[in-house]
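For reference, the structure is listed below as structure tokens.
In mature numbering (1 follows the signal peptide of the UniProt record, and there is no 0), the protein residues as written are -22 to -1, 1 to 312.
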């Protein structure tokens, strides 16, 4: 345990030099924000192939789901790390005075996508606002859709609720629908018999980081070597999951979530690669998990303009770059 400023400064110096390792077999728990799926593949990979264990961590993955509230468990110290969806929760934590920080972003792009029917006059991004109906879930309607209305001119009155059933979208050729690029297009292909147009919001200005690693400041202060090991192990796990042998990780995913199929897994991995969800842009030089201050500021400014986030938040309290941007795992990319 780090007890004073001199020891903390020394630990940070060692951390920067990359010389810290966790105590052997130190048990930590990582809570995901949904049921086990390929979008969590890098973490399962790092457990399955011993990557976390190699730097001293015995990692348990606690899968999320509709009945699981993972973030309160992080705040209560019941779990060590939590998978954030985007940066909004981190901004909110600062506003509430909660000492939680994002230490890495394992998705360079939010997987949120807008789908449309091909050949119906909705084949370009700028055409989408002309759709008769926008099918959006409640969370999406309160976040990225507000940005679409404010910055891009979408009509708020056209929004109808998304019930996670693609049937209304399939039936209405003049509609658009939100989804994850790794999931909903697959469902539409299976049920509707066609491949929808897919517009990844990240490619049109929705510049949040996604699938973040959230941790309490107390853990950063007292166990920086544990945080570094988990961040590095996760990055290496993602490289090996995307570009190496991921069979063992996929078996773990299917064990945790028996509804997951090999076909869905293959589709999700293909989409993550095709759209550069995990590995693109800055990560190609700085490594998976990378973040930078300018992009975080850009997203915050958009959210304030859209009245999704409160103005005046000290967003530098929402994250730290101390554990990333070191090119860890780049040699594993094949």
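Note that CB positions come from ideal geometry on N, CA and C, so glycine has one too. These numbers were taken from a predicted model, which means no experiment stands behind them.
- Judged by DSSP secondary structure, residue 238 falls outside any alpha helix (DSSP H); it is assigned neither H nor E.
- Each of 274, 56, 162, 306 was checked against the Cα of residue 208, and the nearest Cα belongs to 306.
- By alpha-carbon distance to residue 311, the top candidate from 215, 269, 301 is 215.
- Boundaries of the alpha helix (DSSP H) harbouring residue 20: 19 to 26, taken from the DSSP string.
- Annotation for residue 137: no alpha helix (DSSP H) segment contains it, though the beta strand (DSSP E) segment containing it runs 137 to 139.
- If you draw a 10 Å sphere on the C-beta of residue 236, you find fewer than 16 other C-beta atoms in it, and that means exposed.
- At a Cβ-Cβ threshold of 8 Å, residue 80 and residue 68 count as neighbours.
- Runs of beta strand (DSSP E) with 3 or more residues, each lying fully within the segment 51 to 78, are found at 59 to 62, listed in chain order.
- About 7 Å separates the Cβ atoms of residue 86 and residue 257, confirming a contact at the 8 Å cut-off.
- Residue pairing by DSSP leaves residue 122 without any beta bridge partner.
- In the three-state reduction of the DSSP assignment, residue 279 falls in the helix class, which pools H, G and I.
- With respect to the 8 Å criterion, residue 167 and residue 160 are not classified as neighbours on the basis of their beta carbons.
- A Cβ-Cβ contact shorter than 8 Å links residue 267 with residue 213.
- Of the other Cβ atoms in all chains shown, fewer than 16 fall within 10 Å of the Cβ of residue 221; this residue is therefore exposed.
- Residue 105 carries a helical assignment under DSSP once its states are collapsed to helix, strand and coil.
- Distance from the CA of residue 299 to the CA of residue 20, rounded to the nearest whole angstrom, comes to 20 Å.
- Counting along the chain, residue 214 sits inside no beta strand (DSSP E); it lies in the alpha helix (DSSP H) bounded by residues 202 to 221.
- According to the DSSP secondary-structure assignment, residue 176 is paired through a beta bridge with 93.
- The residues 99, in chain order, have a CB closer than 7 Å to that of residue 105 in the same chain once the five nearest residues on each side in sequence are set aside.
- Boundaries around residue 166 are those of the alpha helix (DSSP H), 162 to 170, since no beta strand (DSSP E) includes it.
- In this structure residue 42 does not touch residue 65 by the C-beta definition: roughly 18 Å separates them, more than the 8 Å allowed.
- A residue is called buried when at least 16 other Cβ atoms come within 10 angstroms of its Cβ; residue 162 meets this threshold and is buried.
- Per DSSP, the beta-bridge partners of residue 36 are 5.
- Taking 8 Å as the cut-off, the Cβ atoms of residue 5 and residue 36 count as close.
- For residue 282, the closest C-alpha among the options 16, 211, 70, 252 is that of 70.
- Residue state for residue 271 is assigned as helix, using DSSP reduced to three classes.
- Boundaries of the alpha helix (DSSP H) around residue 261: 261 to 264.
- Residue environment: residue 164 is assigned as buried (16 or more neighbouring CB atoms within 10 Å of its CB, all protein chains considered).
- Taking 8 Å as the cut-off, the Cβ atoms of residue 59 and residue 203 do not count as close.
- Distance from the Cα of residue 308 is smallest, within the candidate group 211, 250, 198, for 211.
- Annotation for residue 154: the continuous beta strand (DSSP E) segment containing it runs 153 to 158.
- The C-beta distance from residue 246 to residue 16 rounds to 4 Å, short enough to fall under 8 Å.
- Taking every protein chain shown into account, the CB of residue 142 has fewer than 16 other CB atoms within 10 angstroms, so this residue is exposed.
- At the C-beta level, residue 107 and residue 129 stay beyond 8 Å of one another.
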